[in-house]
Every structure is written in C-alpha cells, then in structure tokens.
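**Student:** Got a structure for you, written out below as structure tokens; questions coming shortly.
Residue numbers (the numbering used here): -18 to 120.
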C-alpha cells in the first residue's frame, strides 16, 4: 500500500490538469513503514520529453539535487508520478519499456477535462512487470 495525504492527492490531480494535454511528471519522496510506502513530499519536474503529449522525462538535475539533499535524512526518492492525458490509470507498454529501477513506485494520474483517477504500482526488475498496490488517502 502507498499512503498519501489528501493535499498530496489533490496536488497530483491539479498537476495533471494543469499540464493537460501534455503529461505532467515528478518525483516521489518518502520512506517505508513495514510493507507500506509513505509519501513525504512530491517534487514536480518539467517534462523534458520531446513528445510531452505521449511521454514524460523527469529532469535528471532535479533528481540528482534531491538525492544529495536527502542523504542521511531517512527519506529518499521512492518513485515518480506522471499523467496519462485522456488515457487510463495503469502503466502503458511504454512505461514498462522505460522502467529500469527495481522496487520503485509509479503513480499514474489518468486525467480528462472532467475526471481524474490515480493508480499506484511498484516495478519489479526480477519479473520485468508492475504490481498494482492500493492507495490510502489520509488527512
């Protein structure tokens, strides 16, 4: 399971709507509590993909800066988020081809002009697949 606050949930939806019809993207900062992932913060990234309506690319400078800032804090980059404008809230074939880090959370926000849906998955390098995980929104 992954736990996030209502404010973080709304942030993800707002980011996806703001970038629509392009994909939004960013990094998830958090930690693990037993078997649960806990989101501490979300860091928005400019989508550097040359085709932002179909793909996303997180700015590696943001990632490197965050990794440096998080050293020794007990927190780390646990995954990333991106949107599927007018698509579904599940990893696409492109997402699967792009996945390369084991045990990383992928949050996908499917967004249309009027609706939004979130899903979360964890990538397993051993099986080259995503495993869907539950999302718990807390106050």
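Where a beta carbon is used, it is the ideal one built from N, C-alpha and C, also for glycine.
Let me confirm a value: residue 72 is counted as buried when at least 16 other C-beta atoms fall within 10 Å, else exposed. Which label applies?
**Tutor:** Residue 72 comes out buried.
**Student:** Please indicate yes or no: does the CB of residue 76 lie closer than 7 Å to some heavy atom of the ligand SAH?
**Tutor:** With respect to the ligand SAH, the structure shown offers nothing to examine, as it has no ligands at all.
**Student:** If I'm right that residue 61 touches residue 7 with Cβ under 8 Å, what's the distance once you round it to whole angstroms?
**Tutor:** The Cβ separation is near 7 Å, so the contact holds.
**Student:** Could you give the DSSP three-state label for residue 109: helix, strand or coil?
**Tutor:** DSSP places residue 109 in coil when its eight states are reduced to three.
**Student:** Relative to the C-alpha of residue 106, which residue among 30, 83, 40, 77 is closest?
**Tutor:** For residue 106, the nearest C-alpha among the options comes from 83.
**Student:** Indicate the three-state DSSP secondary structure (helix, strand or coil) for residue 15 in the structure shown.
**Tutor:** Residue 15 falls in the coil class under three-state DSSP.
**Student:** Okay, do the segment 92 to 111 and the segment 22 to 37 touch, 3+ Cβ pairs below 8 Å being the bar?
**Tutor:** The segment 92 to 111 vs the segment 22 to 37: no contact.
**Student:** Compute the Euclidean distance between the alpha carbons of residue -16 and residue 89, then round it to the nearest angstrom.
**Tutor:** Residue -16 and residue 89: Cα-Cα distance of roughly 15 Å.
**Student:** Name the DSSP beta bridge partners of residue 97, please?
**Tutor:** In the DSSP output, where bridge partners are listed per residue, residue 97 has 92.
**Student:** Measure the alpha-carbon distance for residue 85 versus residue 94 and round it to whole angstroms.
**Tutor:** Their backbone Cα atoms lie some 29 Å apart in a straight line.
**Student:** Quick one: measure Cβ to Cβ for residue 25 and residue 120, integer angstroms, because I've assumed they're closer than 8 Å.
**Tutor:** Residue 25 to residue 120, Cβ: 23 Å. No contact.
**Student:** In the segment 26 to 54, which residue ranges form an unbroken alpha helix (DSSP H) of at least 4 residues, counting only runs that do not cross its ends?
**Tutor:** List check, alpha helix (DSSP H) in window: 41 to 51.
**Student:** Who are residue 5's beta bridge partners in DSSP?
**Tutor:** Per DSSP, none; premise fails for residue 5.
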